[in-house]
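Participant: Chains S and H are the protein sequences, given in the same order.
Numbering of the first sequence is given in full-length UniProt numbering, commencing with residue 1 and proceeding in unit increments.
Numbering of the second sequence is given in full-length UniProt numbering, commencing with residue 1 and proceeding in unit increments.
For glycine and all other residues, C-beta sits at the position ideal for the given N, C-alpha and C.
There are 2 protein chains.
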Amino acid sequence: MEQKKGFHVAVVGATGAVGQQIIQTLENRDFPISELTLLSSARSAGSKVTFNGQEYTVQEANPESFKDVDIALFSAGGSVSQELAPHAVEHGAIVVDNTSAFRMDPNVPLVVPEVNEDDLHSHNGIIANPNCSTIQMVVALKPVKEKYGLKKVIVSTYQAVSGSGAAAVQELNEQTKAIINNEEYEPAILPVKSDKKHYQIAFNAIPQIDKFQDNGYTFEEMKMINETKKIMHMPELQVAATCVRLPVATGHSESLYFEVETDSVNANEIKSLLENAPGVVLQDDPDNQIYPMPADCVGKNDVFVGRIRKDLDEDKGFHMWVVSDNLLKGAAWNSVQIAESLIKLGIVK
Amino acid sequence: MEQKKGFHVAVVGATGAVGQQIIQTLENRDFPISELTLLSSARSAGSKVTFNGQEYTVQEANPESFKDVDIALFSAGGSVSQELAPHAVEHGAIVVDNTSAFRMDPNVPLVVPEVNEDDLHSHNGIIANPNCSTIQMVVALKPVKEKYGLKKVIVSTYQAVSGSGAAAVQELNEQTKAIINNEEYEPAILPVKSDKKHYQIAFNAIPQIDKFQDNGYTFEEMKMINETKKIMHMPELQVAATCVRLPVATGHSESLYFEVETDSVNANEIKSLLENAPGVVLQDDPDNQIYPMPADCVGKNDVFVGRIRKDLDEDKGFHMWVVSDNLLKGAAWNSVQIAESLIKLGIVK
Numbered sequence: 001m002e003q004k005k006g007f008h009v010a011v012v013g014a015t016g017a018v019g020q021q022i023i024q025t026l027e028n029r030d031f032p033i034s035e036l037t038l039l040s041s042a043r044s045a046g047s048k049v050t051f052n053g054q055e056y057t058v059q060e061a062n063p064e065s066f067k068d069v070d071i072a073l074f075s076a077g078g079s080v081s082q083e084l085a086p087h088a089v090e091h092g093a094i095v096v097d098n099t100s101a102f103r104m105d106p107n108v109p110l111v112v113p114e115v116n117e118d119d120l121h122s123h124n125g126i127i128a129n130p131n132c133s134t135i136q137m138v139v140a141l142k143p144v145k146e147k148y149g150l151k152k153v154i155v156s157t158y159q160a161v162s163g164s165g166a167a168a169v170q171e172l173n174e175q176t177k178a179i180i181n182n183e184e185y186e187p188a189i190l191p192v193k194s195d196k197k198h199y200q201i202a203f204n205a206i207p208q209i210d211k212f213q214d215n216g217y218t219f220e221e222m223k224m225i226n227e228t229k230k231i232m233h234m235p236e237l238q239v240a241a242t243c244v245r246l247p248v249a250t251g252h253s254e255s256l257y258f259e260v261e262t263d264s265v266n267a268n269e270i271k272s273l274l275e276n277a278p279g280v281v282l283q284d285d286p287d288n289q290i291y292p293m294p295a296d297c298v299g300k301n302d303v304f305v306g307r308i309r310k311d312l313d314e315d316k317g318f319h320m321w322v323v324s325d326n327l328l329k330g331a332a333w334n335s336v337q338i339a340e341s342l343i344k345l346g347i348v349k
Numbered sequence: 001m002e003q004k005k006g007f008h009v010a011v012v013g014a015t016g017a018v019g020q021q022i023i024q025t026l027e028n029r030d031f032p033i034s035e036l037t038l039l040s041s042a043r044s045a046g047s048k049v050t051f052n053g054q055e056y057t058v059q060e061a062n063p064e065s066f067k068d069v070d071i072a073l074f075s076a077g078g079s080v081s082q083e084l085a086p087h088a089v090e091h092g093a094i095v096v097d098n099t100s101a102f103r104m105d106p107n108v109p110l111v112v113p114e115v116n117e118d119d120l121h122s123h124n125g126i127i128a129n130p131n132c133s134t135i136q137m138v139v140a141l142k143p144v145k146e147k148y149g150l151k152k153v154i155v156s157t158y159q160a161v162s163g164s165g166a167a168a169v170q171e172l173n174e175q176t177k178a179i180i181n182n183e184e185y186e187p188a189i190l191p192v193k194s195d196k197k198h199y200q201i202a203f204n205a206i207p208q209i210d211k212f213q214d215n216g217y218t219f220e221e222m223k224m225i226n227e228t229k230k231i232m233h234m235p236e237l238q239v240a241a242t243c244v245r246l247p248v249a250t251g252h253s254e255s256l257y258f259e260v261e262t263d264s265v266n267a268n269e270i271k272s273l274l275e276n277a278p279g280v281v282l283q284d285d286p287d288n289q290i291y292p293m294p295a296d297c298v299g300k301n302d303v304f305v306g307r308i309r310k311d312l313d314e315d316k317g318f319h320m321w322v323v324s325d326n327l328l329k330g331a332a333w334n335s336v337q338i339a340e341s342l343i344k345l346g347i348v349k
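(1) Could you check if Ala295/S is buried or exposed, using at least 16 other CB atoms within 10 Å of its CB as the buried criterion?
(2) Against Arg307/H, what residues of chain S qualify as contacts under a CB-to-CB distance less than 8 angstroms, listed in chain order?
(3) What residues in the stretch 247 to 277 of chain H bring their beta carbon closer than 7 angstroms to a beta carbon of chain S?
(4) Tell me the rounded alpha-carbon separation between Pro86/H and Ala101/H.
(5) When you compare only the Cα positions, how much space is there between Ala188/H and His252/H?
(6) Please go through the same chain and pick out, in chain order, the residues whose beta-carbon is closer than 6 angstroms to the beta-carbon of Ser40/H, but skip the five residues on each side of it.
(7) Roughly how many whole angstroms lie between the Cα atoms of Met104/S and Val169/H?
(8) Please specify which runs of the alpha helix (DSSP H), each continuous and at least 4 residues long, are wholly inside the stretch 136 to 220 of chain H, giving them in chain order.
(9) Along chain H, which residues have their Cβ under 8 angstroms away from the Cβ of Lys197/S?
(10) Cα separation between Ala160/S and Val303/S?
(11) Any idea which residues DSSP pairs Thr242/H with across the strands?
(12) Residues in the same chain with beta-carbon distance under 6 angstroms from Pro63/S, minus the five sequence neighbours each way, listed in chain order, please.
(13) Between the stretch 313 to 330 of chain S and chain H, which residues of the former have CB atoms less than 8 angstroms from a CB of the latter, in chain order?
(14) With a threshold of 8 angstroms between beta-carbons, can Met1/S be considered close to chain H, or not?
(15) Looking at the C-beta of Met232/S, does it have a partner C-beta in chain H at a distance below 8 angstroms?
(16) With DSSP collapsed to three states, give me the class of Gly330/H.
(17) Exposed or buried, what is Asn129/H when buried is set at 16 or more other beta-carbons lying within 10 Å of its beta-carbon?
(18) Fully enclosed by the stretch 6 to 71 of chain H, which beta strand (DSSP E) runs are 3 residues long or longer?
(19) Whose Cβ in chain H lies nearer than 9 angstroms to the Cβ of Met293/S?
(20) Could you tell me the alpha carbon to alpha carbon distance between His8/H and Ala339/H, rounded to whole angstroms?
(21) Could you check how far apart the C-beta atoms of Leu38/S and Val11/S are, in whole angstroms? I think they sit under 8 angstroms.
(22) Give, in chain order, every unbroken run of the alpha helix (DSSP H) that is at least 4 residues long and sits entirely within the stretch 222 to 306 of chain S.
(23) Under DSSP, the beta strand (DSSP E) around His319/S begins and ends at which residues?
(24) Within its chain, find whatever has a CB closer than 8 angstroms to the CB of Leu237/H; leave out the 5 residues flanking it on each side and keep chain order.
(25) Could you check whether the Cβ of Ile225/S sits closer than 7 angstroms to any heavy atom belonging to the ligand ADP?
(26) Tell me which residues share the same chain as Tyr185/H and place their Cβ nearer than 6 angstroms to its Cβ, disregarding the 5 neighbours each side in the sequence.
(27) Short check: CB of Glu254/H to CB of Gln337/H, under 8 angstroms?
(28) Going along the chain, which residues of its own chain have a beta-carbon closer than 7 angstroms to the beta-carbon of Asp210/S, five neighbours each way excluded?
(29) Among Ser133/S, Asp285/S, Ser75/S, whose alpha-carbon lies nearest the alpha-carbon of Val95/S?
(30) Can you give me the start and stop residues for the alpha helix (DSSP H) that Val89/H sits inside?
(31) Can you list the residues of chain S that Asp311/H reaches, using a CB-CB cut of under 7 angstroms?
(32) Answer with yes or no whether the minimum CB distance from Tyr185/H to chain S is below 8 angstroms.
(33) In the DSSP assignment, the alpha helix (DSSP H) including Val111/H goes from what residue to what residue?
(34) Rounding to the nearest angstrom, what Cα-Cα distance links Ile22/S and Thr134/S in this structure?
(35) In this structure, does DSSP put Ile347/H in helix, strand or coil?
(36) Assuming contact is defined by CB atoms lying nearer than 8 angstroms, are Ala277/H and Pro247/H in contact in what I supplied?
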């Protein structure tokens, strides 16, 4: 059967921070689109969005919005996905959902194409896009697992405010300006808009991303732990996470400690492995001060790794610094990449 | 023998960021001073400094500056300490050195009073003040070691620019202002003034503090590793560090993973222990979003700990978030505290 020339793609949450990046990424990738439907909440409906030089009017999303849609890319919040994704599936669309609504559902594949693309075959209409901080970590760890085995991961994150949405970026910018001008600025968004208290993010570091669970970990930390095990197919993997918000607009960084299963691996072997790994760019030359930084990763689809070095005590232990654009590989690009994989594998026809 | 009413104290580096904090701390603590000598490089000599309402003129430091000095507090850089500290000792002063010059010298005690005050007795004229990032970590870990044993520590730091001096703080402020105003600003100080390349710190995170060693670790990371073993008297302790500079003016944060020697300890036991530990303030109430943050620690002498929780896989593993003012407990206050201990223990008479 001949492959279709193009697909009917819907973007739900088209006016949001990630939605905008999805539309831009579809354009940059020259994604085979026959029809594009841009959807949002009632509040944002009517907005104009330009795609490939053509102006589109964003429509209010409702259960009937998905007629004839082949691929629906959702990024409008968990409750919207909960409500509308099943309707999209009923209409025959495959949903790629960027929220946490279905990620841990055993019937929903949670996919990072470099890691577990084959899981797409077992979809039941919905495919979940993992949390931003999880994605960049598993892209960097997958090649290590394949070659040397993987036993344990301890990660401390340095996360950008755009992970909390466009309003958080605005808060960072306005608050920074206020502090520099010695003016007052009442925090209202970060660390978590719906939580009780809000704290200054400018010139600060907040060790809370998402709300706290009863076990003392935040939901963000538990996402990193649980999603990593699911994506890597390693329920036995030991994963621990501490997630921290920084005064950085875009670009998550992660300080990783990991232990492999193989004896006597050296840091150069890990570097060579990652230099040739899909989706990974090695930036690791301490003599010339080459290492990844969030300010350099913005607008790029890759996961940047550096500072790779062996632990000084544990033969199987290594340290690594991992940086990526949380709106692209952490969200929009991974979603579009899943859609490209769906076409490549013949799952969407 | 009756204790002296006051001591002749010299501050070397009196016009620097830490020197200024030392002078302020001596005043705040009502330190028993009979005579105060303020010293600096030739360039800063002649500056006026106010102490207890009295104006002092800073003099150029030279080998003869230490006549009759009881306690000399050095914070003017490693080369100044190398050159002048031996002269101060010859004149009978006890030197408390805030640089890295003598820290790993086996004849020089490296002291954090809450941890190893007794090591002061074995001094040979010079006592070293540890690196800022090390101090706050060992204050938090010492009570854990005493009660439950300590096997392993993995730390990722979130360090403020004032650790690089007043010029770095100025760079952060001016660069932030420039970026907000869409103006150019050429980095010239951070991450390391004397290194080849300089990078933007505003809205960024730089995984380099101090220069790199051949093993891929920075000197800052190796300081944390080696100093921790020395201060804790635990050459066998497994310590690993990743040190990262943030766009924060003052206040270092650290994400710690540590393993104790004792089975079945729970997080509440660690919290109770630290709640009553000297120099430590427990800020750990996730339900009310209480945890330490750098913006809250500035100007305080304490080490703030929170986010204490048990690892989900390792029975002996725990996570903790540790914050302190790097200019106070990390430098000036620890130095003055050592001087107070020297008096209390009758070592300076």
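Facilitator: Walking through what the data contain:
(1) Here residue 295/S is taken as the residue at index 295 of the first sequence, counted from 1. The residue in question, Ala295/S, is buried, as its Cβ has 16 or more Cβ neighbours within 10 Å.
(2) Position 307 of the second sequence holds residue 307/H. Going along chain S in sequence order, the residues near Arg307/H (Cβ under 8 angstroms) are Pro207, Gly216, Thr242.
(3) Pro247, Val248, Ala249, Ser253, Ser255, Tyr257, Ala267
(4) On the second sequence, position 86 is the one that residue 86/H refers to. On the second sequence, position 101 is the one that residue 101/H refers to. Computed Cα separation, rounded: 12 angstroms.
(5) Here residue 188/H refers to the residue found at position 188 when the second sequence is read from its first residue. Here residue 252/H refers to the residue found at position 252 when the second sequence is read from its first residue. Straight-line Cα distance between these residues: approximately 22 angstroms.
(6) Taking the first residue of the second sequence as position 1, residue 40/H is located at position 40. So the list reads Ala14, Thr15, Val58, once near-sequence residues are dropped.
(7) Taking the first residue of the first sequence as 1, we reach residue 104/S at position 104. Taking the first residue of the second sequence as 1, we reach residue 169/H at position 169. Those two C-alpha atoms are separated by around 44 angstroms.
(8) 166 to 180
(9) In the first sequence, residue 197/S corresponds to position 197, counting from 1. Asn288, Gln289, listed in chain order.
(10) Translated into positions along the first sequence, residue 160/S becomes position 160. Translated into positions along the first sequence, residue 303/S becomes position 303. Whole-angstrom Cα-Cα distance: 15 angstroms.
(11) Counted from its first residue, the second sequence places residue 242/H at position 242. The partner list for Thr242/H (beta bridge, DSSP) reads Ser156/H.
(12) Translated into positions along the first sequence, residue 63/S becomes position 63. Excluding positions up to five away in sequence, the list reads His87.
(13) Asp313, Glu314, Gly317, His319, Trp321
(14) As a position in the first sequence, residue 1/S is number 1, starting the count at 1. Its pLDDT being 47, under 50, Met1/S is placed unreliably by the model, and the measurement read from it follows with that caveat. Closer than 8 angstroms: no.
(15) In the first sequence, counting from the first residue as 1, residue 232/S sits at position 232. Taking Cβ atoms only, chain H never reaches closer than 8 angstroms to Met232/S, which makes this a no.
(16) Here residue 330/H refers to the residue found at position 330 when the second sequence is read from its first residue. It is helical.
(17) Locating residue 129/H in the second sequence gives position 129, counting from the first residue. Looking at its Cβ environment, which holds 16 or more other Cβ atoms inside 10 Å, Asn129/H is buried.
(18) 7 to 12, 33 to 40, 48 to 51, 54 to 57
(19) Indexing the first sequence from 1 puts residue 293/S at position 293. Simply Tyr199, Gln200, Asn204, Ala205, Ile206, Pro207.
(20) Reading the second sequence from its first residue, position 8 is the one you call residue 8/H. Reading the second sequence from its first residue, position 339 is the one you call residue 339/H. Spanning the two alpha carbons is a distance of roughly 12 angstroms.
(21) Here the question's residue 38/S lines up with position 38 in the first sequence. Here the question's residue 11/S lines up with position 11 in the first sequence. The Cβ separation is near 5 angstroms, so the contact holds.
(22) 267 to 275, 294 to 297
(23) In the first sequence, counting from the first residue as 1, residue 319/S sits at position 319. First-last of the beta strand (DSSP E) with His319/S: 317 to 324.
(24) For the purposes of this step, residue 237/H is identified with residue 237 of the second sequence, where counting begins at 1. Cβ neighbours of Leu237/H beyond the five flanking positions: Leu150, Lys151, Lys152, Val153, Thr228, Lys229.
(25) You won't find the ligand ADP in this model; it holds no ligand whatsoever.
(26) Taking the first residue of the second sequence as position 1, residue 185/H is located at position 185. The residues are Gln175, Ala178.
(27) Counted from its first residue, the second sequence places residue 254/H at position 254. Counted from its first residue, the second sequence places residue 337/H at position 337. Result no, Cβ atoms of Glu254/H and Gln337/H do not sit closer than 8 angstroms.
(28) Mapped onto the first sequence, residue 210/S falls at position 210. Hits under 7 angstroms: Val192, Thr218, Phe219, Glu220.
(29) The sequence position of residue 95/S within the first sequence is 95, counting from 1. The shortest Cα separation from Val95/S among Ser133/S, Asp285/S, Ser75/S belongs to Ser75/S.
(30) For the purposes of this step, residue 89/H is taken as the residue at position 89 of the second sequence. Start and end: 78 to 90.
(31) For the purposes of this step, residue 311/H is taken as the residue at position 311 of the second sequence. By Cβ distance, chain S contributes Ala240.
(32) Stepping through the second sequence from its first residue, residue 185/H is reached at position 185. No, because no Cβ of chain S sits closer than 8 angstroms to the Cβ of Tyr185/H.
(33) Counting from one through the second sequence, the residue named residue 111/H turns up at place 111. No alpha helix (DSSP H) contains Val111/H, which DSSP labels as neither H nor E.
(34) Locating residue 22/S in the first sequence gives position 22, where the first residue counts as 1. Locating residue 134/S in the first sequence gives position 134, where the first residue counts as 1. Roughly 19 angstroms separates the two Cα atoms.
(35) For the purposes of this step, residue 347/H is taken as residue 347 along the second sequence, with counting starting at 1. Here Ile347/H sits in coil by DSSP.
(36) Against the second sequence, residue 277/H aligns to sequence position 277. Against the second sequence, residue 247/H aligns to sequence position 247. Taking 8 angstroms as the Cβ cut-off, Ala277/H and Pro247/H do not qualify as a contacting pair.
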